[in-house]
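S.K.:
Residue numbers (the working numbering), protein chains in the order written: chain A, 1 to 150; chain B, 151 to 300.
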C-alpha cells in the first residue's frame with residue numbers, strides 16, 4: 001500500500017518544472033513542491049518518534065519545520081527547487097523506513113503505541129503516514145489542473 | 151482504515167450548504183458534492199464487481215454514471231442536493247460493504263482477484279476504494295479553502 005501510494009505520487013508530478021512546483025493558485029494554497037516535501041517531513045517525523053523514540057532535535061526541526069507546518073512558513077521557505085530535489089528527499093527518507101521495517105516482524109505492526117494521546121499501533125501510524133501522502137497526492141492533482149496553460 | 155478514512159471525510163464536509171457543495175472554483179473542477187457521490191459510486195462499483203460478480207446493469211449505470219465519471223457529466227447532473235443527500239448515499243453503500251465483509255473470513259482478503267488486467271486481491275482492491283476516498287478528501291479540503299468567504 002505504501003509503495004503503491006508512492007507510485008501514484010510520482011506519477012502525479014512527472015515533468016513538473018520549478019515554476020510549476022512553486023505555483024500558488026489561490027490565497028493560502030500550498031505549492032506542489034511544499035506538499036512533496038511535507039510528505040517526506042511527515043515520514044521523517046514518525047521515524048524519529050517511532051524508530052528513534054525521541055523528539056526531533058534543533059537541527060532536524062530547522063530542516064523540516066517549514067515542510068511539516070506548511071502555511072506561510074512553507075510558502076516562504078520552500079521554493080526554487082527542481083523536481084529531482086523533492087524526489088531525492090522522498091526517496092532518502094523512504095529508504096530508511098524500509099530498512100527499519102526489514103529489521104522488524106509482522107507482530108511489531110500490531111504493537112500498541114501512543115499516537116498523541118490516543119492508543120494506536122505501528123500498523124495504523126504507518127498507514128496514516130501514507131494516508132496523508134494520498135490526501136496530498138489528491139491535492140497535487142488539483143493543483144496541477146490549475147496550472148496556467150503554457 | 152476504511153472507517154478512519156470515512157471519519158475524516160465526514161469531518162471535512164461538516165456544515166456545508168447546497169451552494170458550497172455545488173461550488174466550482176475553477177474550469178474543469180469537480181464540486182465537493184460530486185466528489186462525495188463519486189466516493190459512493192466507486193464503492194458501489196466494486197460491490198457489483200466483487201460481491202455480485204457482474205457488470206452494473208442499465209439502471210445502475212444511469213444512477214451512478216455521472217458520479218463515477220465526474221467531469222462534464224458530473225458538473226451537469228450532480229447539483230442542488232443538501233449535505234444529507236450525500237451522507238445518506240455514502241452510508242447506504244457502506245452498510246452493504248460492511249455486511250458483506252461480515253460474511254467473509256480474513257483469508258478472503260488475500261484471495262486473488264483480477265483488477266482490470268492485473269492480478270490483485272480483495273484486500274488491495276478494498277484498500278484502493280478508500281485510498282480513492284482519501285485522495286478526494288484531500289481535494290475536498292482544498293475546495294473548501296477556495297469557497298468564497300461568506
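Don't be surprised by glycine CBs; every beta carbon is placed ideally from N, CA and C.
So which residues of chain A does residue 164 (chain B) contact, with C-beta pairs closer than 8 Å?
M.R.: Per Cβ cutoff of 8 Å: no residues; residue 164 (chain B) is ~17 Å from chain A at best.
S.K.: Specify, as a first and last residue, the run of the beta strand (DSSP E) that residue 271 (chain B) falls within.
M.R.: That run of the beta strand (DSSP E) goes 268-271.
S.K.: Using the DSSP secondary-structure output, state which residues sit across from residue 262 (chain B) in a beta bridge.
M.R.: Bridge partners of residue 262 (chain B): B:271.
S.K.: Name the chain A residues whose beta carbon is nearer than 7 Å to that of residue 277 (chain B)?
M.R.: Within chain A, the residues near residue 277 (chain B) are 1.
S.K.: Identify the contact partners of residue 189 (chain B) in chain A, using a Cβ-Cβ distance below 7 Å as the criterion.
M.R.: Within chain A, no residue comes near residue 189 (chain B); the closest Cβ sits about 12 Å away, beyond 7 Å.
S.K.: Return the residue from the list A:14, A:17, A:39, A:46 that minimises the CA-CA distance to residue 123 (chain A).
M.R.: For residue 123 (chain A), the nearest C-alpha among the options comes from A:46.
S.K.: So the candidates are A:128, A:125, A:32, A:103; which of them puts its Cα closest to the Cα of residue 70 (chain A)?
M.R.: Ranking A:128, A:125, A:32, A:103 by Cα distance to residue 70 (chain A) puts A:32 first.
S.K.: So, helix, strand or coil for residue 295 (chain B), using DSSP?
M.R.: In this structure, residue 295 (chain B) counts as helix in the three-state DSSP scheme.
S.K.: Could you check what DSSP says for residue 1 (chain A) in three-state terms: helix, strand or coil?
M.R.: The answer is coil: DSSP assigns residue 1 (chain A) none of H, G, I, E or B.
S.K.: Assuming residue 40 (chain A) contacts residue 90 (chain A) under a Cβ cut-off of 8 Å, what Cβ separation, rounded to an integer in Å, is found between them?
M.R.: So it is a contact: roughly 5 Å between Cβ atoms.
S.K.: If you follow the alpha helix (DSSP H) that residue 18 (chain A) is in, where does it begin and where does it stop?
M.R.: 18-22 is the extent of the alpha helix (DSSP H) around residue 18 (chain A).
S.K.: Taking beta-carbon pairs under 8 Å, can you tell me which members of the segment 100-116 of chain A lie near chain B?
M.R.: Hits within the stretch: zero.
S.K.: In chain order, what residues of the segment 185-216 of chain B put their CB closer than 8 Å to some CB of chain A?
M.R.: Cβ contacts with chain A: none found.
S.K.: Which two residues bound the contiguous alpha helix (DSSP H) that contains residue 76 (chain A)?
M.R.: Residue 76 (chain A) -> alpha helix (DSSP H) spans 71-77.
S.K.: Does the beta-carbon distance from residue 100 (chain A) to residue 130 (chain A) come in below 8 Å?
M.R.: The answer is no: Cβ separation not under 8 Å.
S.K.: Is the separation between the beta-carbon of residue 13 (chain A) and that of residue 142 (chain A) shorter than 8 Å?
M.R.: Against a cut-off of 8 Å, the Cβ pair of residue 142 (chain A) and residue 13 (chain A) comes out as no contact.
S.K.: Contact criterion: CB-CB distance below 8 Å. Does residue 161 (chain B) meet it with respect to chain A?
M.R.: No, residue 161 (chain B) does not count as interfacial toward chain A.
S.K.: What in chain A is Cβ-close to residue 287 (chain B), meaning under 8 Å?
M.R.: Here the neighbours are 135, 138.
S.K.: Whole-angstrom Cβ separation of residue 43 (chain A) and residue 94 (chain A), contact assumed at under 8 Å?
M.R.: With a Cβ gap of about 7 Å, residue 43 (chain A) and residue 94 (chain A) count as contacting.
S.K.: Under 7 Å Cβ to Cβ from residue 83 (chain A), same chain only, skipping five residues before and after it: list those, please.
M.R.: Cβ within range, chain order: 13, 16, 21.
S.K.: Taking only beta-carbon positions, decide if residue 92 (chain A) is within less than 8 Å of chain B.
M.R.: No, no contact with chain B.
S.K.: Between residue 299 (chain B) and residue 96 (chain A), what straight-line distance do the alpha-carbon atoms span, to the nearest angstrom?
M.R.: Roughly 43 Å separates the two Cα atoms.
S.K.: For a cutoff of 8 Å on Cβ pairs, would you count residue 173 (chain B) as touching chain A?
M.R.: For residue 173 (chain B), the answer is no, since every Cβ of chain A falls outside 8 Å of its Cβ.
S.K.: Taking DSSP as the reference, what is the three-state secondary structure of residue 80 (chain A)?
M.R.: Of the three classes helix, strand and coil, the one that applies to residue 80 (chain A) here is coil, per DSSP.
S.K.: Would you please state the rounded distance, in angstroms, between the beta carbons of residue 146 (chain A) and residue 25 (chain A)? I believe it to be under 8 Å.
M.R.: With 8 Å as the limit, residue 146 (chain A) and residue 25 (chain A) qualify as a contact, their Cβ atoms being about 4 Å apart.
S.K.: What does the alpha-carbon distance come out to for the pair residue 73 (chain A) and residue 294 (chain B)?
M.R.: C-alpha separation (whole angstroms): 21 Å.
S.K.: Closer than 8 Å, CB to CB, is residue 228 (chain B) near chain A or not?
M.R.: False, the Cβ-Cβ gap to chain A never drops below 8 Å.
S.K.: Going by the beta-carbon positions, is the gap between residue 284 (chain B) and residue 135 (chain A) smaller than 8 Å?
M.R.: Contact: yes.
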